[in-house]
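Heads up: the structure comes next, in structure tokens.
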DNA sequence: TCGTGACCTTATAACGTTGTACATTACGAA
DNA sequence: TTCGTAATGTACAACGTTATAAGGTCACGA
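Chains as they are written, first to last, in this note's numbering: chain L, 4 to 343; chain E, 4 to 343.
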């Protein structure tokens, strides 16, 4: 590991340290002759800036953190991918951090994760509440990503319009002629804000279609995993009569549900239609492939990074914004059947 | 964003800056009285160290980078998870970087990714060769993770024993009485080292079972994705006679193959048994669930991080090591059938 | 009472970079 | 020739931290 400093380059080129720095930073007032000579020295010695020193001097690291519950959940992995790319466009590097959705780790991330080392934080909290955020002194600029927190808090918030998206999903099932539309992933507690919003969208669609809400068909889950979806589906199939459609509040739940349906020999979509939410890659390839709401992850990431950049530099104290990314209904086999 | 420096704490506690630093760093020779007074000041002011300054002074960032092809591929996402956890145990933070498997980005990662900013690099290259690595001047300590590079190069290398693992997988199919065992993911070129190793294991198992190698049954793929697996499986089914078992060189290929089998109405495992490699989470939950080789990802990550730490501090110039993590054959429905 | 250590604390100087203020040069106009 | 002005380069200090070495304090034995 060779270490070449500005001083070494300066000596080699016969100029001052600051002139080399000026060349490195593309400062305007450097003669072409000097620039060329310095550049040659830079190349010859293979200069690489020491970012610690630069950060110390400028007070900026160009590093942002992305804190999310679980990296190996496909939705978050795909989102992280988008965020990294979006950040690159702004010259930012992303530090990914997992919270496991545990309150204590989330708190740690906001308050202490590599303190004074990140310029900003993109945060997908599960357990943390607004109040917690405001309590923490000296936290970096934060933009909240995703739907777990309700609107109206202390930081910018970027998410899809969950109510509208859920309404669209439910409406799709209604249009297929389904009457007994179950929900897997109903809010187990008041803190599950996403679930509440999606349930609201579901209710609106039912109301519009003049279908009476049957509380039996609303199944809460502990976690949003395949196993929970599978168990919930089993419960639903034991009802009399069973539902003719299921709206799962994320794709993993839906995949679990599909598995149960397959095991029990229930035909999808003819007997039970299934729709998910997230559009993870797996949903395109499972069998039957899964109809789902596809949030525009690219837009989500782009909006979030842009909002964070804004807050980091231009307008740190502007009023919190509420930003919505688009979504799309992707119709696949789990509601439309297999094509010939 | 409040900024509290050691100086502020020192003034507040009525001691020197260095004494505060000593307390922060748990230095031995500080009286309990002083330590307590300083600690109180630290707490009251909410001191957070400036890591840029610390890094500048100590020359270490305690930051390592993990460079892998695609974060949204489940195997890598799960591996990244393990690496982050393993690094935490050593007090290291992991900076995750995606290369897309493109040579140019991989080169960039090794030579210039946040230069002088990371203490070490964990690297899963796809395109890069050993020679490239040695050419790059002043690159940080590197440990190679995964099987894409052959053994015997310029850096430590951590992987599962691909030959042994592939042999075990093939042997499992043999034990089920299968005779026409196809391979999806055979090496398309000489650079696909993993594939070559796995093919070697496959051949050994056939030899041991006295089954003649049929080159028709070896299907190369462009990428290791579901779509490629699906396409390859279609080709295999058109053979006469078709294979009675398929060894896919990763789980995604296998999932693609399963989808084709299901579409064509071929029974798994009775007509065709399928086995994968990686044990991604999806394999436990797909239908039929997928028999696969499960590399010990935790061990893989642990070994890699430990080797990197070793190289970063203790023995930077020791001879390159070749390290193997364990693996396990996980029998599921795609070879064993559904249990009652 | 005065050394003499042992133990604790502090002043000072770096680490490599960039911002500020100033020095130098070139060149056209008076 | 001299001056004014803009263009370009330089010296120095500072960012917040830790390492070094020197200084201070105190208990204790002579």
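Every residue, glycine too, gets a C-beta built ideally from N, C-alpha and C.
Just verifying my parser: in three-state terms, what is the DSSP assignment at residue 252 of chain L? coil
By alpha-carbon positions, which one of E:74, E:196, E:81 and E:78 ends up nearest to residue 86 of chain L? E:74
When the cut-off is 8 angstroms and only beta carbons count, does residue 109 of chain E lie next to chain L? no
Between which two residues does the beta strand (DSSP E) containing residue 332 of chain E stretch? 330 to 333
For residue 181 of chain E, which residues of its own chain have a beta-carbon under 7 angstroms away from its beta-carbon, when the five flanking residues on both sides are left out? 247, 248 and 276
Using CA atoms only, rank isn't needed, just tell me which of L:311, L:144 and L:328 is closest to residue 114 of chain L. L:144
C-alpha distance - residue 232 of chain E paired with residue 77 of chain L, whole-angstrom precision: 20 angstroms
Using 8 angstroms as the cut-off, can you tell me whether the segment 22 to 37 of chain L makes contact with the segment 63 to 71 of chain L, which would need three or more C-beta pairs spanning the two stretches below that distance? no
DSSP state of residue 212 of chain L, grouped into three classes? coil
Starting from residue 289 of chain E, find everything on chain L with Cβ-Cβ shorter than 9 angstroms and list it in chain order. 258, 262, 285, 289 and 290
Among all the DSSP beta bridges, which residues are the ones paired with residue 295 of chain E? E:279 and E:333
Taking 8 angstroms as the threshold, find out whether the segment 251 to 263 of chain E comes into contact with the segment 221 to 230 of chain E through three or more Cβ pairs. yes
When E:94, E:50, E:176 and E:299 are compared against residue 251 of chain E, the one with the closest alpha-carbon: E:176
Sufficient close CB pairs (3 or more, under 8 angstroms) joining the segment 317 to 330 of chain E to the segment 300 to 315 of chain L: no
Please list, in chain order, the residues of the segment 58 to 74 of chain L that have any C-beta partner in chain E closer than 8 angstroms. 58, 59, 64, 73 and 74
Run through DSSP, which three-state label would residue 223 of chain L get? strand
Assign residue 297 of chain L to buried or exposed, taking buried as 16 or more other Cβ atoms, counted over all protein chains shown, within 10 Å of its Cβ. buried
Please state the DSSP three-state secondary structure of residue 324 of chain L. coil
At 9 angstroms on the CB atoms, spell out the chain E contacts of residue 187 of chain L, in chain order. Those within 9 angstroms of residue 187 of chain L in chain E number zero; the least Cβ separation is about 15 angstroms.
Chain-ordered residues of the segment 209 to 243 of chain E with a beta carbon less than 7 angstroms from chain L: 229
Residue range of the unbroken alpha helix (DSSP H) whose run includes residue 58 of chain E: 54 to 61
Chain-ordered chain L contacts of residue 87 of chain E [CB-CB under 9 angstroms]: 74, 99, 100 and 101
Under 8 angstroms between the Cβ atoms of residue 288 of chain E and residue 253 of chain E? no
Runs of beta strand (DSSP E) wholly within the segment 159 to 189 of chain E (minimum 3 residues, chain order): 159 to 163 and 184 to 189
Could you tell me which of E:316, E:199, E:186 and E:69 sits nearest to residue 238 of chain E, measuring between CA atoms? E:186
Please confirm if residue 154 of chain L has its CB atom under 8 angstroms from at least one CB of chain E. Reliability fails at residue 154 of chain L, whose pLDDT of 49 lies under 50, so the model's placement of it is uncertain and no value is given.
Determine whether the Cβ of residue 337 of chain L lies closer than 8 angstroms to any Cβ atom of chain E. no
Hey, does residue 81 of chain L have any beta-carbon neighbour from chain E nearer than 8 angstroms? yes
Alpha carbon of residue 369 of chain L to alpha carbon of residue 101 of chain L, nearest angstrom: Lying before the first or after the last residue shown, residue 369 of chain L is absent from chain L, which here runs from 4 to 343.
Taking only beta-carbon positions, decide if residue 96 of chain E is within less than 8 angstroms of chain L. yes
Residues that residue 84 of chain L contacts on chain E, provided the C-beta gap is smaller than 8 angstroms: 73, 74, 75 and 101
Throw me the rounded Cβ distance for the residue 123 of chain L and residue 311 of chain L pair, which I believe falls under 8 angstroms. 5 angstroms
My guess is that residue 242 of chain L and residue 219 of chain L are in contact by the Cβ rule of under 8 angstroms, so how many angstroms apart are they, rounded? 6 angstroms
Verify the CB distance criterion: does residue 349 of chain L have a CB-CB separation below 8 angstroms to chain E? The structure shown does not extend to residue 349 of chain L, since chain L spans only 4 to 343, so no value can be given for it.
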